[in-house]
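Protein sequence lines correspond, in order, to chains C and P. Note that full-length UniProt numbering has the first sequence beginning at 1, numbered continuously upward. Note that full-length UniProt numbering has the second sequence beginning at 1, numbered continuously upward. Cβ coordinates follow ideal geometry from the N, Cα and C atoms, glycine included. Written below as structure tokens is the structure these notes are about.
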Amino acid sequence: MSDLGHVLVLAGGLSYEREVSLRSGRRVSEVLRAAGIDVEARDTDASLVPSILADPPDAVFVTLHGGAGEDGAIRSVLELLNVPYVGADPDACRVAFDKPTAKAVVRSVGLVTPESVTLPKETFHDLGATMVLGRIVAQLGLPLFVKPARGGSALGASIVRTAEELPAAMVGCFAYGDTALIERYVVGVEVAVSVVDLGNGPIALPAVEIVPDEGVYDYAARYTAGHTEFFAPARLSPDAAAACAQTAVTAHTALGLRDISRTDLIVDASGQPHFLEVNVAPGMTETSLLPMAAEAAGQDLGGLCRILLHNAAARTRT
Amino acid sequence: MVASEIRALFAVASRPEVVSLAGGMPYVTALPLDLVGELVSDLVTRHGPVALQYGSGQGDPHLREQICEVMRLEGIHAGANDVVVTVGSQQALDLITRIFIDPGDVVLAEGPSYVGALGTFAAYQAKVVHIAMDDQGIVPESLAQTIYALETAGAPIKFLYTIPTFHNPAGVTLNAARRQQVLDICQRAGVLIVEDNPYGLLGFDGEPMRALRADNADGVVYLGSFSKTLAPGFRVGWALAPHAIRDKLVLAMESAVLSHSSFTQLAVGQYLTTQPWREQIKSFKELYRERRDALLDSLEALMPPEVTWTRPAGGFFVWVTLPEGLDSKAILPRAVAERVAFVPGTGFFSDGSGSRQMRLSFCFPEPERIREGVRRLAGVIEQEIQLRDTFGTGSTRGHAGVDTPGPDLA
Numbered sequence: 001m002s003d004l005g006h007v008l009v010l011a012g013g014l015s016y017e018r019e020v021s022l023r024s025g026r027r028v029s030e031v032l033r034a035a036g037i038d039v040e041a042r043d044t045d046a047s048l049v050p051s052i053l054a055d056p057p058d059a060v061f062v063t064l065h066g067g068a069g070e071d072g073a074i075r076s077v078l079e080l081l082n083v084p085y086v087g088a089d090p091d092a093c094r095v096a097f098d099k100p101t102a103k104a105v106v107r108s109v110g111l112v113t114p115e116s117v118t119l120p121k122e123t124f125h126d127l128g129a130t131m132v133l134g135r136i137v138a139q140l141g142l143p144l145f146v147k148p149a150r151g152g153s154a155l156g157a158s159i160v161r162t163a164e165e166l167p168a169a170m171v172g173c174f175a176y177g178d179t180a181l182i183e184r185y186v187v188g189v190e191v192a193v194s195v196v197d198l199g200n201g202p203i204a205l206p207a208v209e210i211v212p213d214e215g216v217y218d219y220a221a222r223y224t225a226g227h228t229e230f231f232a233p234a235r236l237s238p239d240a241a242a243a244c245a246q247t248a249v250t251a252h253t254a255l256g257l258r259d260i261s262r263t264d265l266i267v268d269a270s271g272q273p274h275f276l277e278v279n280v281a282p283g284m285t286e287t288s289l290l291p292m293a294a295e296a297a298g299q300d301l302g303g304l305c306r307i308l309l310h311n312a313a314a315r316t317r318t
Numbered sequence: 001m002v003a004s005e006i007r008a009l010f011a012v013a014s015r016p017e018v019v020s021l022a023g024g025m026p027y028v029t030a031l032p033l034d035l036v037g038e039l040v041s042d043l044v045t046r047h048g049p050v051a052l053q054y055g056s057g058q059g060d061p062h063l064r065e066q067i068c069e070v071m072r073l074e075g076i077h078a079g080a081n082d083v084v085v086t087v088g089s090q091q092a093l094d095l096i097t098r099i100f101i102d103p104g105d106v107v108l109a110e111g112p113s114y115v116g117a118l119g120t121f122a123a124y125q126a127k128v129v130h131i132a133m134d135d136q137g138i139v140p141e142s143l144a145q146t147i148y149a150l151e152t153a154g155a156p157i158k159f160l161y162t163i164p165t166f167h168n169p170a171g172v173t174l175n176a177a178r179r180q181q182v183l184d185i186c187q188r189a190g191v192l193i194v195e196d197n198p199y200g201l202l203g204f205d206g207e208p209m210r211a212l213r214a215d216n217a218d219g220v221v222y223l224g225s226f227s228k229t230l231a232p233g234f235r236v237g238w239a240l241a242p243h244a245i246r247d248k249l250v251l252a253m254e255s256a257v258l259s260h261s262s263f264t265q266l267a268v269g270q271y272l273t274t275q276p277w278r279e280q281i282k283s284f285k286e287l288y289r290e291r292r293d294a295l296l297d298s299l300e301a302l303m304p305p306e307v308t309w310t311r312p313a314g315g316f317f318v319w320v321t322l323p324e325g326l327d328s329k330a331i332l333p334r335a336v337a338e339r340v341a342f343v344p345g346t347g348f349f350s351d352g353s354g355s356r357q358m359r360l361s362f363c364f365p366e367p368e369r370i371r372e373g374v375r376r377l378a379g380v381i382e383q384e385i386q387l388r389d390t391f392g393t394g395s396t397r398g399h400a401g402v403d404t405p406g407p408d409l410a
């Protein structure tokens, strides 16, 4: 693997998850440097394209989260520049990043995902919020989970336990996006399953179980060290753990993802995993789930990132 | 400390595409940087052995003399012996709080108040009780009633913390008549006043306001700073305190940091000695006045009719109140998506108030950028009004953690 010359880590961007992305980027840069790789970390601004043209990296690791990195746009630009990168191609990103579309795709291959409604804010404005929200509660029941159709880190997301809480949750959601996904809330164990493909097909890393101190895995719980308890591997029965692994690999494959992904699931009392969403540029911070899963699997994060970069670099040469 | 999604949004506000009306960074680019550079170089060459050595805990004696000269502009006649030089006036505030506050003690403060002070008070577990203010500053009746109620309840009031001139974040100034009333009320009740006055010399009309300390040497601790009149990078501020408090401050200063940096103290001293600092303050005032005008004019021209705001006669900030049912914290994400940033109001209160308010700063962006920022913000607020009307409510989501940006946000 000594043929990997210099590598570019993209972090920052103009999404709501800029800060998280910068932290992910620093972490990936550190572990790659420790693994002996020549790393340059960059933000995505007007100087990016000229600098790549002047000195093309051998491969790019995208740690841009949210719209900036996961909607496929930056990867389309990298393709225009003929620079290889780790992770899914732009078309797959676009499908995966749009949560309702991703849910439809995984449902079509037999996975279970909570029943939901997706509506833009104009619908509520044009048709009247009270009537539409009333029908949603009648159809899906309570509690509900409201989140923006696109985006991550639980920004704009909230649990709705009574019908009276729903309008304010919708307003909070529309602060972060113009389309809301309103999902039946499944009670169970929250787990995240990371999938990596080191060249021999996608493999699920051990599921990580998330137990937030305050009961809700919101932004503060995600990024404050010590505010959430994690179990890696998750405290699941062998059957449930196998079902989670299978669900994540199936989602990864059905959505046409590549190299790396993380699927968030709820495991209900019967051990059935319910697909919530998938991330094509999973968080890599000190409190993120994929690094925890890698550690639980006995894999060195730097080594893992290096193989992914190496495989990406090799793609251009075939 | 808790990670905060609001704080995380300020990471985006630091990008040049975003018009930041959120930060409080002085526009130091307006300084004659080449001259400051020569002065620093000269300082090391000619006074290196002093500048690079430990200094006294109280601060450089010559600089303290110069500080007294600066304070004379606000009617204060004090001796250098009662001045303690600190790392910004923020450190003076920290030391004062450390000296006076036991957990549970009461600090009175305007509502809203400076976020950095609220952070310090919280760190020492003081209980902050807000005093009402209007467009003329603290309401004296509210101050008197609050003191009476607290005393009746047996609550230990340690001091009143106030920013009487060009308030941060409210942008208002305590009028002359009320200044005397506030002094009288506090004197009668035996309540010390901590007067924080970083913006006092940055008034846009006429002469500087007379400081509270000018009319009461025994009952007021005055906090001053070169951060806005020169540059915050030097981190030179000071406290002017009655003798007994001054002695405690010096000991507290020594136990905290031994001594302030001799280097930056001498640099500030040299600047005051060799440069026309009064003219520099004048040019800062002209620069900030133009930006204040740009902000007020564009608010007037562009904001929806239900939005109101204060009209500062100096300083850096305008305090905006949104229509009923709108939550400034909830609209920050949308504002950032539209490439404009502000600070939501709740960070300036210790009791959760301020959800309908926001602070806009005009100190850093050029006037054209300010106008563009207000245009974007007005659009966001209009959308939010529509959303409120659609759903019949604002967002009521709670947010954990710190809701204000760090000091290095423009």
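Residue range of the unbroken alpha helix (DSSP H) whose run includes residue i
i	result
residue 303 (chain P)	Premise fails: residue 303 (chain P) is in no alpha helix (DSSP H) and is neither H nor E.
residue 243 (chain P)	243 to 257
residue 65 (chain C)	Here residue 65 (chain C) belongs to no alpha helix (DSSP H), and DSSP marks it neither H nor E.
residue 183 (chain P)	176 to 189
residue 99 (chain C)	99 to 108
residue 44 (chain P)	33 to 51
residue 129 (chain C)	129 to 140
residue 329 (chain P)	328 to 337
Reference residue i, options the options, closest by Cα
i	options	result
residue 230 (chain P)	P:249, P:29, P:8	P:29
residue 78 (chain P)	P:243, P:369, P:375, P:281	P:243
residue 67 (chain P)	P:259, P:277, P:173	P:277
residue 207 (chain P)	P:72, P:135, P:163	P:72
residue 271 (chain P)	P:22, P:43, P:10	P:43
residue 240 (chain C)	C:191, C:94, C:223	C:191
residue 312 (chain C)	C:68, C:84, C:4	C:84
Exposed unless 16 or more other CB atoms sit within 10 angstroms - verdict on residue i
i	result
residue 227 (chain P)	buried
residue 32 (chain P)	exposed
residue 386 (chain P)	exposed
residue 161 (chain P)	buried
residue 371 (chain P)	buried
residue 131 (chain C)	exposed
residue 99 (chain C)	buried
residue 223 (chain P)	buried
residue 17 (chain C)	buried
Beta carbon proximity, residue i to chain C, threshold 8 Å
i	result
residue 345 (chain P)	no
residue 223 (chain P)	no
residue 19 (chain P)	no
residue 391 (chain P)	yes
residue 331 (chain P)	yes
DSSP three-state assignment for residue i, whether helix, strand or coil
i	result
residue 272 (chain C)	coil
residue 411 (chain P)	With chain P covering only 1 through 410, there is no way to say anything about residue 411 (chain P).
residue 44 (chain C)	coil
residue 154 (chain C)	coil
residue 37 (chain C)	coil
residue 110 (chain P)	strand
residue 60 (chain P)	coil
residue 92 (chain C)	helix
residue 405 (chain P)	coil
residue 222 (chain C)	helix
residue 76 (chain P)	coil
residue 323 (chain C)	Here chain C comprises residues numbered 1 to 318, so residue 323 (chain C) is not present and cannot be evaluated.
Enclosing beta strand (DSSP E) for residue i [first to last residue]
i	result
residue 357 (chain P)	357 to 361
residue 287 (chain C)	That residue, residue 287 (chain C), is in no beta strand (DSSP E); it is neither H nor E in DSSP.
residue 158 (chain P)	157 to 162
residue 230 (chain C)	228 to 231
Cβ of residue i within 8 Å of any chain P Cβ
i	result
residue 22 (chain C)	yes
residue 168 (chain C)	yes
residue 145 (chain C)	no
residue 277 (chain C)	no
residue 220 (chain C)	yes
residue 138 (chain C)	no
residue 142 (chain C)	no
residue 149 (chain C)	no
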